[in-house]
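Here is the structure we will look at, set down as structure tokens.
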Amino acid sequence: MAYDLVRFNRPVFYRFAVSLLVSVLLVLGVSTAANAQDGVPEMPQGDFRVVFTEAFLVEQLETQIAPFIDNLSAYGFTISDPEIDLRDDNRIDVTVTTDVPLGSRTLTVRPTVTVALSAADNEMSIAIEEISMEGLSLPTSLLGEQLETVQAEGQVQINELLTIVERLGGIELAYVGTTEDLLVLDFNFDLTFYDLGDTEE
-1 MAYDLVRFNR PVFYRFAVSL LVSVLLVLGV STAANAQDGV PEMPQGDFRV VFTEAFLVEQ
59 LETQIAPFID NLSAYGFTIS DPEIDLRDDN RIDVTVTTDV PLGSRTLTVR PTVTVALSAA
119 DNEMSIAIEE ISMEGLSLPT SLLGEQLETV QAEGQVQINE LLTIVERLGG IELAYVGTTE
179 DLLVLDFNFD LTFYDLGDTE E
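Okay, structure coming up:
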């Protein structure tokens, strides 16, 4: 449904513009238009599209795992050099360098955690699917509660942001997808949120 912006009641339109700007800034950090790549539809599966680069996601990852790193350091473990490899099947490989204390020696390994993303009812789901190292699959219980805590906290923080954006701007998550270098999020506007009926200038 198309609306003539000239006919918008100005306060309503200003509210629309400001809430849109604030909402997008809350979610984003980086935004652009994503062309058709791999399994991601060329046209947004909603009213507008937001994309995140791998570099931006790495910055967010470093912030997210900082408490996790601090907890492990008390036991002699160190984690560094996080990398994110986006895949074209709604999955993300997260790899970090881990120093494991073994008596008087230290073993350096680089495990990869594969997570799957999905979206429903304005929420994003983050599921840990696999932990591997040098191509060898490891049990997901290897890192136990620590890894589950990082996963759960990350999912909660993302969904809290989505809830804020919905309440602030009437914007809901409609789709999540990945290409080999972009995380793609599509959103819908709830136009009834702005009372865009027959208004006067």
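Residues -1 to 199 in the numbering used here are what the sequence shown spells out, letter by letter.
Where is the CB? At the ideal position from N, CA and C, for every residue including glycine.
Would you check if the distance between the CB atom of residue i and the CB atom of residue j is smaller than 8 Å?
i: I90; j: L70; result: no
i: E158; j: E164; result: no
Whose CA, out of the options, lies closest to the CA of residue i?
i: T51; options: I63, N186, N157 and L180; result: L180
i: R108; options: P80, S102, L84 and N88; result: P80
i: L102; options: G74, Q149 and D87; result: A quick correction: the sequence has Ser, not Leu, at residue 102. Minimum Cα distance to S102 is reached at G74.
i: T161; options: F46, I67 and D119; result: D119
Output needed for residue i: all residues of its chain with C-beta closer than 6 Å, excluding positions within five of it in sequence on either side, in chain order.
i: T76; result: D97
i: S29; result: With a pLDDT of 45 at S29, under the threshold of 50, the modelled position of this residue cannot be trusted, and the question is left open.
i: Q62; result: G152
i: S78; result: T95
i: V113; result: I90, I124 and I126
Determine the direct distance from the alpha carbon of residue j to that of residue i, and round the result to whole angstroms.
i: A205; j: S123; result: For the chain, the structure presents residues -1 to 199; residue 205 sits outside this window and is missing.
i: D188; j: M131; result: 44 Å
i: V174; j: Q155; result: 16 Å
i: A32; j: P65; result: Legend: pLDDT at A32 = 43, less than 50; position of this residue unreliable, value from coordinates given subsequently. Answer to the nearest angstrom: the Cα atoms are 33 Å apart.
i: T176; j: R85; result: 6 Å
i: D68; j: V111; result: 19 Å
i: A72; j: I129; result: 23 Å
i: Q149; j: L166; result: 26 Å
Might you give, ordered along the chain, the residues of its own chain that have their beta carbon closer than 7 Å to the beta carbon of residue i, omitting 5 neighbours on each side?
i: L105; result: V98
i: G44; result: A172, Y173, D184, F185 and N186
For my contact list, residue i and residue j are in at a C-beta cut-off of 8 Å; report their separation, rounded to the angstrom.
i: L59; j: I82; result: 6 Å
Which residues in the same chain have their Cβ closer than 8 Å to the Cβ of residue i, if we skip the five residues on either side of it in sequence?
i: T147; result: F66
i: V56; result: P80, E81 and I82
i: R121; result: Residue identity differs from the one stated: residue 121 is Glu in this sequence, not Arg. The answer, listed in chain order, is N157, L160 and L171.
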